[in-house]
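In my numbering, the protein residues as written are 56 to 121. Glycine is no exception: its CB is placed at the ideal position from the N, C-alpha and C atoms. Below: one structure, written as structure tokens.
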């Protein structure tokens, strides 16, 4: 059985932080395209690699952390 001190749990609204990460790829390519019937779909593809951006957000019970 796990016991937790009540003094620690009492302040969870002040001490608890939730963290999430999101990645964005600036050169993300489509995997599908539209074309007329009987014609192949043509898609422009970039050869150069570009930056990937990661965003990390933190939120508490009181709102977003800056």
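Inter-residue Cα distance where the pair is residue 120 and residue 91: Your numbering for residue 120 matches position 65 in the chain shown. Your numbering for residue 91 matches position 36 in the chain shown. So the alpha carbons of these two residues sit roughly 50 angstroms apart.
One or two residues paired with residue 77 in a DSSP bridge: Numbered from its first residue, the chain shown carries residue 77 at position 22. DSSP, once it has assigned bridges, lists 110 as partnering residue 77.
Nearest residue (CA-CA) to residue 76, options 118, 112, 116, 69: On the chain shown, position 21 is the one that residue 76 refers to. Nearest C-alpha to residue 76 among 118, 112, 116, 69: 112.
Range covered by the alpha helix (DSSP H) that runs through residue 70: Mapped onto the chain shown, residue 70 falls at position 15. Note, residue 70: alpha helix (DSSP H), 67-70.
Length of the line joining the Cα atoms of residue 114 and residue 68: Taking the chain shown and counting its residues from 1, one reaches residue 114 at position 59. Taking the chain shown and counting its residues from 1, one reaches residue 68 at position 13. Their Cα atoms are separated by approximately 11 angstroms.
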